Amino acid sequence: MNFPESEMTVRMGRWFEAWGYQWWVEMPSCGSCIDMIGRRGNFLVAIEMKVCLSWKVIRQAALAQLDAHESYVAVLTKPKNTSLEKCRRVGVGVLRVGRDVQVLVSPRNKHTFEGHIKNMLRYTDEFECGGVAGLPCLLGGGPAQDVYRKVQAYREAHPKATWREVFDKIPNHYSHVASMQGAMRIVRERLVARDRRRSH
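Next comes the structure, spelled out in structure tokens:
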């Protein structure tokens, strides 16, 4: 079975809802974004979605352990046993997305940071739940893209503004200047990559 990451979001959304969770997409974390966050009460679950289980996405899910009580990788293809074992070692869960969502490895998170959890709970209070991940930045939605547009407009009006000034003037959800700057760089890089694909 083969479908895009955006369709995976829909299926993972149904999975969250079946377990009584609300969910959000592209939530900011450590200068990047987590594909999906599910919340039930004050309990948080992070999901990183990819077609196959690579070491790169395992690292992303391991980093997401800072911001959620459980962290999973959701994939389409059947993972190798060696990759599943890597996930067990770092405490990351694995989901296989098809007609149904199958749990291949249960998560075991030992790296949660209370300050990060509080920030993520605050983000979910501030932003509208739902959405679609895996879309090009300007076609999708999400807090990072919203802030990026506001930052671009402010810098056009104030070309000599420092990042500290931008951070202070633009309403945002980042904990410090460097976090905001890193997230804006990632959004810009994705936009550039998208424009290159469209030009070929």
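With numbering that gives the first Met the number 0 as the guide, the letters of the sequence shown map in order to residues 0 to 199. Note that the Cβ used here is the ideal one computed from N, Cα and C, for glycine as well. Everything numeric in this text was worked out from a predicted model, so none of it was measured.
If you follow the alpha helix (DSSP H) that residue i is part of, which residue opens it and which one closes it?
| i | result |
| --- | --- |
| C86 | 80-89 |
| Q151 | 142-156 |
| L65 | Looking at the DSSP string, L65 is not in any alpha helix (DSSP H), and its letter there is neither H nor E. |
| R163 | 162-168 |
Can you tell me which residues form a DSSP beta bridge with residue i?
| i | result |
| --- | --- |
| L43 | R38 |
| I33 | M26 |
| R95 | V74, Q101 |
| M48 | A73 |
| Q21 | R38 |
| G129 | W23 |
Residue i: buried (16+ other C-beta within 10 angstroms of its C-beta) or exposed?
| i | result |
| --- | --- |
| K85 | buried |
| F42 | exposed |
| G129 | exposed |
| N108 | buried |
| G37 | buried |
| F112 | exposed |
| H115 | buried |
| V74 | buried |
| G12 | buried |
| V186 | buried |
| T8 | buried |
| Q151 | exposed |
| D194 | exposed |
| P78 | buried |
| E127 | exposed |
Is the beta carbon of residue i less than 7 Å from the beta carbon of residue j?
| i | j | result |
| --- | --- | --- |
| A143 | P27 | yes |
| Y147 | M183 | yes |
| V100 | W14 | yes |
| V91 | I57 | yes |
| A67 | V44 | yes |
| L103 | V93 | yes |
| T123 | W23 | yes |
Would you please state the rounded distance, in angstroms, between the beta carbons of residue i and residue j? I believe it to be under 8 Å.
| i | j | result |
| --- | --- | --- |
| A60 | S53 | The pair is not a contact, with the Cβ atoms about 11 Å apart (cut-off 8 Å). |
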